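Residues in the sequence shown are numbered consecutively from 1, following this note's numbering.
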Amino acid sequence: MTNQIAKISVRLTTFCALTFLFFGCGPEKPTGAVDLIPVIDTHIHLYDTNRSDGVPWPPTTDKVLYRPVLSQHFDAICEAHNVAATVIVEASDRVEDNQWVLDLVKHNPDRYIGLVGSLPIGTDEFAGLLNRFAAEKRFVGLRMRQRPGGEDFFTDAVWRDLQLMADKGLTLDVLMSKFDLEDVSLIAERMPDLKILINHLTGLIITGEPAAEEWTAAVKKAASYPNVHCKVSGIFQRSGQSPAPKNLSYYEPIFKVVYDAFGEDRIIYGSNWPVTDRGGEYDEQLNVIQKFFQPMGHSVLEKLFWKNASKFYGVKLNND
């Protein structure tokens with residue numbers, strides 16, 4: 001009898017192990033094609049409000065975001081939502097904060113595969129700083145966030161530094177609060193070898209109404225340059241509401257314009273976590289995006305959620 005019980009126990013253990021391998025375990029998650037696809041989230045921020053020198057962003061008055069946001073916090077997001085890897089976007093204008101982020105995530109290069117940094121474009125020190133940080137393979141590019149000089153921003157020095165980035169194969173993210181689609185088109189036309197990524201669906205305030213003709217025309221013009229791509233990111237933030245609408249119909253007119261203009265090969269997923277917390281949960285924004293793109297098929301979902309990001313930033317998943 002003892003031997004029979006032992007044999008049954010072994011068989012049950014084997015069955016449970018095989019069940020785990022094929023079907024997984026734990027709490028149920030929403031089902032859908034994206035659950036079978038690895039995700040590269042190309043837009044998160046990490047910072048520590050407890051640092052002795054503080055942080056320039058977010059402000060202390062921000063009751064949602066002003067807290068330590070570190071790799072262990074995003075690790076929990078990854079485990080819950082099939083996020084295989086991420087590209088961090090630096091939200092600080094302090095040069096050494098680029099190094100702080102790189103050091104923070106050096107323990108897990110398979111998950112934290114890239115950093116879009118922040119350096120002072122158009123300054124005398126830019127070239128030296130770019131050489132320093134570009135030596136780190138996870139430093140994949142820069143984001144234009146500030147606009148010193150206002151309308152006079154695009155000086156000869158700025159064009160010189162953008163060319164340095166293109167020569168090194170680095171990428172340019174553009175935050176659309178200080179820049180617009182005409183600026184993107186200007187850069188793209190003058191710098192055809194520079195890979196450009198528009199952040200957060202062009203920075204448009206989404207209202208749930210049909211897209212304005214003027215905006216649609218500007219999107220089409222920017223998309224006419226093959227080196228310009230668009231992040232499907234920050235959707236809750238762009239709603240301007242807290243909590244943000246969770247129904248696809250609210251965002252669908254904007255998704256459609258962006259997809260029609262950029263096609264399946266130049267759209268890239270990003271969350272804008274933890275700013276997503278202002279509008280809802282991580283899985284809620286992910287599900288809205290998934291609902292729009294899922295009818296287009298598995299191949300389009302793969303491109304949106306990881307393949308286009310891998311190609312644009314020059315990063316790879318551990319199993320790729």
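For every residue, glycine included, the Cβ atom is placed at its ideal position computed from N, Cα and C. Note that the structure is predicted; figures quoted are calculated from it, not measured.
Residue i vs residue j beta-carbon contact at 9 Å
{"i": "N199", "j": "D173", "result": "yes"}
{"i": "L65", "j": "D277", "result": "yes"}
{"i": "F330", "j": "T171", "result": "Outside the modelled stretch of the chain, which goes from 1 to 320, sits residue 330, for which no answer is possible."}
{"i": "R385", "j": "V105", "result": "Look at the range of the chain in this structure, 1 to 320, and you will see that residue 385 is not part of it."}
{"i": "V288", "j": "I235", "result": "yes"}
{"i": "D152", "j": "L130", "result": "no"}
{"i": "I205", "j": "R238", "result": "yes"}
{"i": "F126", "j": "A157", "result": "yes"}
{"i": "P38", "j": "A84", "result": "yes"}
{"i": "R190", "j": "W159", "result": "yes"}
{"i": "S71", "j": "H107", "result": "yes"}
{"i": "V95", "j": "P56", "result": "no"}
Cutoff 7 Å; reference residue i; Cβ partners in own chain excluding five residues on either side
{"i": "S9", "result": "Only weak support is given to the placement of S9: the predicted model assigns it a pLDDT of 42, under 50, and the value that follows is read from those uncertain coordinates. Within the same chain, S9 has no close Cβ partners at all."}
{"i": "S118", "result": "E90, S92, D93, N98, L142, R143 and R145"}
{"i": "S249", "result": "none"}
{"i": "V219", "result": "L181, T202, V257, V258 and A261"}
{"i": "A33", "result": "Residue confidence is low: A33 scores 48 on pLDDT, short of 50, so the model does not pin down where it sits. Its coordinate-derived value is still stated next. Cβ neighbours of A33 beyond the five flanking positions: Q294, H298 and L301."}
{"i": "M176", "result": "I198, N199, H200, T202 and G203"}
{"i": "G240", "result": "I205"}
{"i": "R111", "result": "C78, A85 and T86"}
{"i": "P192", "result": "N227"}
{"i": "A244", "result": "F236, G279 and G280"}
Rounded C-alpha distance that separates residue i from residue j
{"i": "E252", "j": "Q146", "result": "30 Å"}
{"i": "S271", "j": "Q99", "result": "23 Å"}
{"i": "G141", "j": "D93", "result": "14 Å"}
{"i": "P58", "j": "L102", "result": "19 Å"}
{"i": "D48", "j": "G280", "result": "22 Å"}
{"i": "T325", "j": "I113", "result": "With the chain covering only 1 through 320, there is no way to say anything about residue 325."}
{"i": "G314", "j": "F139", "result": "10 Å"}
{"i": "K303", "j": "K246", "result": "23 Å"}
{"i": "F255", "j": "Q285", "result": "13 Å"}
{"i": "Q290", "j": "K307", "result": "15 Å"}
{"i": "T207", "j": "S233", "result": "16 Å"}
{"i": "L186", "j": "A166", "result": "15 Å"}
{"i": "G26", "j": "N82", "result": "In this predicted model, G26 has a pLDDT of only 38, less than 50, meaning its place in the structure is not dependable enough to derive any value."}
{"i": "S242", "j": "E136", "result": "38 Å"}
{"i": "T31", "j": "L164", "result": "With a pLDDT of 43 at T31, under the threshold of 50, the modelled position of this residue cannot be trusted; read the value that follows with caution. Roughly 45 Å between the two C-alpha positions."}
{"i": "A217", "j": "E209", "result": "16 Å"}
{"i": "A212", "j": "K63", "result": "33 Å"}
{"i": "T60", "j": "K231", "result": "28 Å"}
{"i": "L124", "j": "G263", "result": "The question names Leu, but residue 124 is Asp in the sequence shown. About 38 Å."}
{"i": "M296", "j": "L36", "result": "15 Å"}
{"i": "G128", "j": "F292", "result": "44 Å"}
Proximal residues to residue i (C-beta, below 6 Å), its chain only, five neighbours per side dropped
{"i": "K178", "result": "R147"}
{"i": "P109", "result": "none"}
{"i": "R266", "result": "H229"}
{"i": "V275", "result": "Q237"}
{"i": "K168", "result": "A134"}
Host alpha helix (DSSP H) of residue i (start-end)
{"i": "F293", "result": "Y282 to F293"}
{"i": "A80", "result": "S71 to H81"}
8 Å Cβ shell around residue i - same chain, five flanking residues per side excluded
{"i": "S310", "result": "I40, K316, L317 and D320"}
{"i": "W273", "result": "D41, H43, I44, H45, F74, I77 and Y282"}
{"i": "T155", "result": "G122 and G149"}
{"i": "A188", "result": "L194, I196, A222, Y225, N227 and V228"}
{"i": "P68", "result": "Y47, D48, T49 and N50"}
{"i": "I88", "result": "I44, H45, L46, V101, V105, Y112, G114, L115 and V116"}
Terminal residues of the beta strand (DSSP E) in which residue i lies
{"i": "G141", "result": "F139 to M144"}
{"i": "I267", "result": "I267 to Y269"}
Problem set entry | Those runs of the beta strand (DSSP E) which lie wholly inside the region 166-249 and span at least 3 residues | Taking only runs of at least 3 residues, the beta strand (DSSP E) segments lying wholly in the region 166-249 are 171-174, 195-198 and 228-232.
For this session: At 4 residues or longer, and completely inside the region 291-316: list those alpha helix (DSSP H) runs for me, N to C.
Result: List check, alpha helix (DSSP H) in window: 298-302 and 308-313.
For this session: Could I get the ranges of all uninterrupted beta strand (DSSP E) runs contained in the region 41-126, with 3 residues as the minimum, in chain order?
Result: Those beta strand (DSSP E) runs which fall completely within the region 41-126 and span 3+ residues are 83-89 and 112-117.
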